[in-house]
Every structure is written in structure tokens, then in C-alpha cells.
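Report on the following structure.
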Amino acid sequence: MYAVIKAGGKQYRVEEKSVVRVEKLDAAVGDTVQLGEVLMLGGETVRVGEPVVDGAAVTARVLRQGLGKKIVGFTYKKRKNQRRHYGHRQPFTEVVIESIAA
């Protein structure tokens, strides 16, 4: 069985025992969390939500919190001697899917 969930404004296709990186969640390592809204359930029969599937839940355990790869940016304005160099690392939460309840 698989599910399509929405977490942090993004959609993820998840299965039991799969490891997924989602947008940063307010949870400590080892905590159990309910992940987002379940948009679709798949398997032998497919259930599509309007917009969410009623009574469906995805439970996950937090493995780690971290920062993604560094994104480097550079802006400038020609002939003005104006330059700006910056970097960004997006925070994420890595979770393992424990159960998908229909």
C-alpha cells in the first residue's frame, strides 16, 4: 500500500518503511508524528480524496533533523560596482514511514 501526502506545501509518494525528507517539522529525534494530509491511497483499490481521504492517516518516526546542500547565489548591477554573494541551506526533517492507516 502507498499514499500520496502533502507536507510543507509539497507532495510525496510514500510507502511503509520508506525514508523521506520533508520540510522541517517541530519534533525531536525519535518522536512519532502524523504527516500532513493524505491526498490519495493506493494498493489493490485506489482511493482519491476530495481534497483529502477521510479517515486516512500516515504515521512516521523522526530519524534526524538537518540542513540540505548549500545553494550559492550572486547578484550584481552592472556599471554600479554593486555585488552581493550569499548562501542558503534549507532545513529538513528525515522521517521513516511506520504505518499507513486507511
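Just so it is clear: in the sequence shown, position 6 is 9 by my numbering, and no numbers are missing.
C-beta: ideal position from N, C-alpha, C; glycine also.
Excluding the five sequence neighbours on either side, which residues of its own chain have a C-beta within less than 6 Å of the C-beta of SER102, listed in chain order?
THR62
Check for me: the beta strand (DSSP E) holding GLU97 runs from which residue to which?
85–104
Counting only runs of 3+ residues fully inside the stretch 24–86, write out the beta strand (DSSP E) ranges in chain order.
35–37, 40–45, 60–80
Can you give the Cα-Cα distance for VAL22 and ARG64, rounded to whole angstroms?
10 Å
VAL51: buried (16+ other C-beta within 10 angstroms of its C-beta) or exposed?
exposed
Contact under 8 Å by Cβ, VAL55 with VAL41:
yes
Which residue wins for smallest C-alpha separation from MET4, given the options LYS73, HIS91, VAL98, LEU44?
LEU44
How big is the Cα-Cα spacing for HIS91 and THR48?
42 Å
For LYS9, name the three-state secondary structure that DSSP assigns.
strand
Less than 6 Å between C-beta atoms, sequence neighbours within five positions excluded: which residues of the same chain meet that for ARG24?
PHE95, GLU97
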